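Its first residue numbered 8, the sequence shown is counted upward by one per residue in the working numbering. Note that beta-carbon positions come from the ideal geometry of N, C-alpha and C, so glycine has one too. Fair warning: this is a prediction, and the values are worked out from it, not measured in the lab.
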Amino acid sequence: MALEEMRQPIESGCPDGFQYMHPVMRKNFGQWKYHEHPRPGVLRHVAHSGDEIWTVKAGTQRILDLFTLRKLTEIGDKYGEGYVRFTIRSNIEYMVADEAKVQPLIDALEEAGFVVGGTANSVAMISHTQGWLHCDIPGTDASGVVKAMMDELIDEFKNCNMPNRVHITTSCCQINCGGQGDIAINVQHTKPPKIAHDLVANVCERPSVVARCPVAAIRPAMVNGKPSLEVDEKKCICCGACFPPCPPMQINDPEHTKLAIWVGGNHSNARGKPTFQKLVAAGIPNNPPRWPEATAIVKQILRTYKEDAKDWERINDWIERIGWPRFFEKTGLPFTKYHIDNWRGARASLNASTHIRF
Ligand code: SF4
Ligand code: SF4
């Protein structure tokens, strides 16, 4: 597109999506008769009018550089019909109304190094949070964990070998975005924050930091004649919530910031209520650049699920059928004291807590 033709960005809300839809989708909006899954990475939708549309799905990293984006859209212009959309799990989907275009499109994507798959009962692209690029509080780089794991799960993405779809998520701090997947890999801090007292008065609003702490472990204090804060380490649950409003409450640590794995999260659907994920592995080393320990546990859970679950059971359905003791037995994961919710505030949260309880 020539520079003079480019429109000014509209900064108020997202634009109307209909203008970007493939014409066949626009025409048949709300009028689809059925869809099928001819091969991994491809969906075929048939409308009541008799129109058909094929969707080809390829995995991408969530944060795309301009060159990759250009390459993807050039493939869409040349081999597709110029219409793409991104899914919430960072896959790109090309829509074509002509079946003859499907295979050349797949070939072009694969030749350019993209992986086609992620549909139906595969392991979909791992969704992840912004990490170091956009956020100021990560304890790890979620996109790095995703890259390392998807490299090892590429066959599970390209093929449909799982009992049902598997959604994996990662998040790079313990308190904010991410989570609620069939398997979630989350940061877990294990030591209270270390305070850079000299900086607190210049950087932090002390009342808002005190108010952030869910267990009231932070108090204002004078240190070396300067206003600062102190933490009651016996109370601190190492959540990291004080770090965003006050970076001198340094909690990220190469050794003591770990990863934890939670399983069984699922949003509600036509058949079931939402289920909350539960902690199954804690204290896993946060070990860049390949995170081998966390990846090995995820693969172990997936392997057991694949062997033991019945067709169509999601991970939460499978665990509900066999029970948590059998889950730990079958996966070989150790059940430790860290799986028991002993948080002093749990009395108020017991009915909502996602931990395993006794
Ligand atoms: S998970 Fe936490 S650190 Fe990561 S992007 Fe979200 S708020 Fe930031
Ligand atoms: S890490 Fe969490 S519990 Fe500990 S002092 Fe900070 S806000 Fe409070």
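- Message: Please classify C167 as buried or exposed, where buried requires at least 16 other C-beta atoms within 10 Å of its C-beta.
- Response: The count along the sequence shown starts at 1 and reaches residue 167 at position 160. That one is buried.
- Per-residue DSSP class, three states only, for N183: Locating residue 183 in the sequence shown gives position 176, counting from the first residue. DSSP places N183 in coil when its eight states are reduced to three.
- Nearest to C243 by alpha carbon, out of F121, C220, I291? Mapped onto the sequence shown, residue 243 falls at position 236. Of the candidates F121, C220, I291, the one whose C-alpha sits nearest the C-alpha of C243 is C220.
- Message: To the nearest angstrom, how far is the alpha carbon of T176 from that of L236?
- Response: In the sequence shown, the residue the question calls residue 176 occupies position 169. In the sequence shown, the residue the question calls residue 236 occupies position 229. If you take the alpha carbons of T176 and L236, they lie about 34 Å apart.
- Message: Suppose you measure from the CA of C142 to the CA of P281; what does that come to, to the nearest Å?
- Response: As a position in the sequence shown, residue 142 is number 135, starting the count at 1. As a position in the sequence shown, residue 281 is number 274, starting the count at 1. Cα to Cα, C142 sits roughly 28 Å from P281.
- Task: Can you check the segment 188-238 for any alpha helix (DSSP H) of at least 4 residues that lies completely inside it and give the ranges in chain order?
- Result: 204-210, 213-219
- Task: Could you pull out every residue in the same chain whose Cβ sits closer than 6 Å to the Cβ of V91, ignoring the five residues on either side in sequence?
- Result: By 1-based counting over the sequence shown, the position of residue 91 is 84. G83, I99, Y101, listed in sequence order.
- Message: Looking only at its chain, what residues have a beta carbon closer than 6 Å to the beta carbon of E43, apart from the 5 residues adjacent to it on each side?
- Response: One-based indexing of the sequence shown puts residue 43 at position 36. Cβ contact annotation for E43 (same chain, cutoff 6 Å, sequence separation greater than five): R51, in chain order.
- Cβ shell of I308 (< 7 Å), same chain only, five flanking positions each side left out: In the sequence shown, counting from the first residue as 1, residue 308 sits at position 301. I190, V270, T338.
- Could you please give the first and the last residue of the uninterrupted alpha helix (DSSP H) stretch that includes V152? Walking along the sequence shown from the start, residue 152 turns up at place 145. Element bounds for V152: 149-159.
- May I ask you to report which of helix, strand or coil DSSP gives Y90? For this step, residue 90 is matched to residue 83 along the sequence shown. DSSP places Y90 in coil when its eight states are reduced to three.
- Return the CA-CA distance between I113 and S215, expressed in angstroms with no decimal places. To locate residue 113, count along the sequence shown from 1; it is residue 106. To locate residue 215, count along the sequence shown from 1; it is residue 208. Cα-Cα distance, rounded: 52 Å.
- What are the start and end residues of the alpha helix (DSSP H) that includes Y345? For this step, residue 345 is matched to residue 338 along the sequence shown. No alpha helix (DSSP H) contains Y345, which DSSP labels as neither H nor E.
- Item | Contact under 9 Å by Cβ, N128 with M157 | Numbered from 1 along the sequence shown, position 121 holds the residue referred to as residue 128. Numbered from 1 along the sequence shown, position 150 holds the residue referred to as residue 157. Cβ distance not < 9 Å, so N128 and M157 don't count as in contact.
- Task: Identify whether E336 lies in helix, strand or coil by the three-state DSSP scheme.
- Result: On the sequence shown, position 329 is the one that residue 336 refers to. E336: helix per DSSP, three-state reduction.
- Item | Residue environment, Q26, which counts as buried when at least 16 other CB atoms sit within 10 Å | Mapped onto the sequence shown, residue 26 falls at position 19. Looking at its Cβ environment, which holds fewer than 16 other Cβ atoms inside 10 Å, Q26 is exposed.
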